[in-house]
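**Student:**
In my numbering, the protein residues as written are 133 to 439.
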């Protein structure tokens, strides 16, 4: 859109979204609404590259540290809480900067979630008695067999979305992909300017490697150890995220630290590639490469003035 009531900064992990938002926010009287599905969790700071307390004191942040690691926090809940944060910011005269790389959450915020009266109520599939037949074998292999399109779109390590897709299919006889495409995400819930950061591939790979090394130096292993000691099981969706599942392997003795760090770098690069693919196919994003972000403030200013 040429005009905007919210600014959305997207892109792959380590592309510089958060640092850019921190630099731009003061000039525009903005506050940040996170669209990162891991920064919502309390106690998961290092592995999520969460902004520091000092950074949050300089620029207000919302949708950070709002759930415990064992809470179910889905796209629908994000949409509602982000709506409230955006409404409050706009009422106070601040510009909402939505910043993050969780594509489904950005899509839910901007275009709504698909609805169908035949779908099970959100969260009911998490009942252990209902999950058991879905998890008896390899859930993702079952999904690939029963719903190849959903199996292609959902990553094998994304247990939450895999089980949800299976549950919808088995309860309704309809693919979750079919239902989502029928909905089409055609609703425009906000006038939004979408800006994407896409560093050159080699630069992004270098940034990811540097970020992982920094997380290791900052104590990611000890952060994961503390979470496990607090009773958060390694099988939780939050604990299966990048970094956390890798360090859990080390603490269980199934992998050494150096190998886990290299595996984390590899998996993060793969995740960044999937993020880029998602945003390039799903959203109308104005893309900027590294070193080309000097034009972004003028683009934002023009969009805000035209609203």
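Positions of the beta carbon are idealized from the N, C-alpha and C atoms, including for glycine.
As the structure is a prediction and not an experimental result, all values here were calculated from the model.
Using the three-state DSSP reduction, which class does residue 141 fall into: helix, strand or coil?
**Tutor:** Here the question's residue 141 lines up with position 9 in the chain shown. Strand, per DSSP.
**Student:** Can you find at least 3 beta carbon pairs, one from the region 266-281 and one from the region 291-306, that sit closer than 8 Å?
**Tutor:** In short, these stretches touch, since the Cβ pair count reaches three.
**Student:** Just reading off the beta strand (DSSP E) that residue 432 is part of, what are its end residues?
**Tutor:** As a first step, residue 432 must be located in the chain shown, where it is residue number 300. Premise fails: residue 432 lies in the alpha helix (DSSP H), 428-438, not in any beta strand (DSSP E).
**Student:** Could you check the C-alpha separation between residue 319 and residue 207 for me, to the nearest Å?
**Tutor:** In the chain shown, counting from the first residue as 1, residue 319 sits at position 187. In the chain shown, counting from the first residue as 1, residue 207 sits at position 75. Cα to Cα, the separation comes out at about 16 Å.
**Student:** Excluding the 5 residues preceding and the 5 following residue 123 in the sequence, name in chain order all residues of the same chain whose CB lies nearer than 6 Å to its CB.
**Tutor:** Limits of the chain in this structure are 133 at one end and 439 at the other, which puts residue 123 out of reach.
**Student:** Put residue 147 into one of helix, strand or coil per three-state DSSP.
**Tutor:** As a position in the chain shown, residue 147 is number 15, starting the count at 1. Coil.
**Student:** Taking the alpha carbon of residue 424 as the reference point, which residue from 324, 205, 165 and 328 has its own alpha carbon closest?
**Tutor:** Counted from its first residue, the chain shown places residue 424 at position 292. If we check each option's Cα against that of residue 424, 328 comes out closest.
**Student:** Is it true that the CB of residue 357 sits closer than 9 Å to the CB of residue 366?
**Tutor:** Residue 366 sits at position 234 when you count from the first residue of the chain shown. Residue 357 sits at position 225 when you count from the first residue of the chain shown. Against a cut-off of 9 Å, the Cβ pair of residue 357 and residue 366 comes out as no contact.
**Student:** Decide if residue 426 is buried, meaning its Cβ has at least 16 other Cβ atoms within 10 Å, or exposed.
**Tutor:** Along the chain shown, read from residue 1 onward, the residue named residue 426 stands at position 294. Exposed: under 16 other Cβ atoms inside 10 Å.
**Student:** In terms of residues, what are the limits of the alpha helix (DSSP H) holding residue 340?
**Tutor:** Taking the chain shown and counting its residues from 1, the one referred to as residue 340 is at position 208. First-last of the alpha helix (DSSP H) with residue 340: 333-350.
**Student:** Which of the three DSSP states is assigned to residue 232 in this structure?
**Tutor:** On the chain shown, position 100 is the one that residue 232 refers to. Coil.
**Student:** Output the distance between the C-alpha atoms of residue 416 and residue 148, rounded to the nearest integer angstrom.
**Tutor:** The residue given as residue 416 occupies position 284 in the chain shown. The residue given as residue 148 occupies position 16 in the chain shown. Spanning the two alpha carbons is a distance of roughly 19 Å.
**Student:** Look up residue 173 in the DSSP assignment and give the residues it is bridged to.
**Tutor:** The sequence position of residue 173 within the chain shown is 41, counting from 1. Paired residues: 199.
**Student:** Do the region 405-412 and the region 374-391 touch if we need at least three Cβ pairs shorter than 8 Å?
**Tutor:** No, because fewer than three Cβ pairs between the region 405-412 and the region 374-391 fall closer than 8 Å, the two stretches do not touch.
**Student:** Evaluate residue 164 with the Cβ neighbour count: other Cβ atoms within 10 Å of its Cβ, from every protein chain shown; 16 or more gives buried, anything less gives exposed.
**Tutor:** Numbered from 1 along the chain shown, position 32 holds the residue referred to as residue 164. Classification for residue 164: buried.
**Student:** What distance in whole Å lies between the Cβ atoms of residue 139 and residue 325, which are believed to be in contact at a cut-off of 8 Å?
**Tutor:** Counting from one through the chain shown, the residue named residue 325 turns up at place 193. Counting from one through the chain shown, the residue named residue 139 turns up at place 7. Right, their Cβ atoms sit about 5 Å apart.
**Student:** Are at least three pairs of beta-carbons, each pair with one atom in the region 170-179 and one in the region 430-437, less than 8 Å apart?
**Tutor:** Short answer: they don't touch.
**Student:** When you compare each of 321, 395, 152 and 369 to residue 202 by their alpha carbons, which one comes out closest?
**Tutor:** Residue numbering aside, residue 202 sits at position 70 when the chain shown is read from its first letter. It is 369 whose Cα lies nearest to the Cα of residue 202.
**Student:** Quick check on the burial criterion: 16 or more other C-beta atoms within 10 angstroms. Buried or exposed for residue 305?
**Tutor:** Taking the first residue of the chain shown as position 1, residue 305 is located at position 173. Result: exposed.
**Student:** Cα-Cα, which of 283, 438, 411 and 285 is closest to residue 144?
**Tutor:** The residue you call residue 144 lines up with position 12 of the chain shown. Among 283, 438, 411 and 285, the Cα nearest to that of residue 144 is on 411.
**Student:** Just the Cα atoms here: how many angstroms apart are residue 254 and residue 396?
**Tutor:** In the chain shown, the residue the question calls residue 254 occupies position 122. In the chain shown, the residue the question calls residue 396 occupies position 264. Confidence at residue 254 is low in this model, with a pLDDT of 47, below 50, so the placement of that residue should be treated as unreliable; the coordinate-derived value is given next. Taking the straight line joining both Cα atoms gives about 32 Å.
**Student:** For residue 184, which residues of its own chain have a beta-carbon under 6 Å away from its beta-carbon, when the five flanking residues on both sides are left out?
**Tutor:** Along the chain shown, read from residue 1 onward, the residue named residue 184 stands at position 52. Hits under 6 Å: none found.
**Student:** What do you reckon, are the CB atoms on residue 348 and residue 393 nearer than 9 Å?
**Tutor:** Stepping through the chain shown from its first residue, residue 348 is reached at position 216. Stepping through the chain shown from its first residue, residue 393 is reached at position 261. Result yes, Cβ atoms of residue 348 and residue 393 sit closer than 9 Å.
**Student:** For the putative contact between residue 309 and residue 279, defined by C-beta atoms under 8 Å, what is the C-beta separation to the nearest angstrom?
**Tutor:** In the chain shown, counting from the first residue as 1, residue 309 sits at position 177. In the chain shown, counting from the first residue as 1, residue 279 sits at position 147. Sure, about 7 Å apart at Cβ, within 8 Å.
**Student:** Could you pull the start and end residues of the beta strand (DSSP E) that residue 165 belongs to?
**Tutor:** To locate residue 165, count along the chain shown from 1; it is residue 33. 162-166 is the extent of the beta strand (DSSP E) around residue 165.
**Student:** Just to confirm my understanding: we take residue 237, look at its own chain, exclude 5 residues before and 5 after, and list those with CB closer than 7 Å. What are they?
**Tutor:** Here residue 237 refers to the residue found at position 105 of the chain shown. The residues are 167, 169, 207 and 210.
**Student:** What is the DSSP secondary structure of residue 302, reduced to helix, strand or coil?
**Tutor:** Stepping through the chain shown from its first residue, residue 302 is reached at position 170. DSSP places residue 302 in helix when its eight states are reduced to three.
**Student:** Do you know how far the Cα of residue 337 is from the Cα of residue 136?
**Tutor:** Stepping through the chain shown from its first residue, residue 136 is reached at position 4. Stepping through the chain shown from its first residue, residue 337 is reached at position 205. One C-alpha to the other measures close to 32 Å.
**Student:** Excluding the 5 residues preceding and the 5 following residue 217 in the sequence, name in chain order all residues of the same chain whose CB lies nearer than 6 Å to its CB.
**Tutor:** Position 85 of the chain shown, counting from 1, holds the residue named residue 217. Only 165 and 194 meet the Cβ criterion.
**Student:** Using only the alpha-carbon positions, how far apart do residue 389 and residue 377 sit?
**Tutor:** The count along the chain shown starts at 1 and reaches residue 389 at position 257. The count along the chain shown starts at 1 and reaches residue 377 at position 245. Cα to Cα, residue 389 sits roughly 12 Å from residue 377.
**Student:** If you measure between the beta carbons of residue 232 and residue 142, is that distance less than 9 Å?
**Tutor:** As a working mapping, residue 232 is identified with position 100 in the chain shown. As a working mapping, residue 142 is identified with position 10 in the chain shown. Contact flag set, yes.
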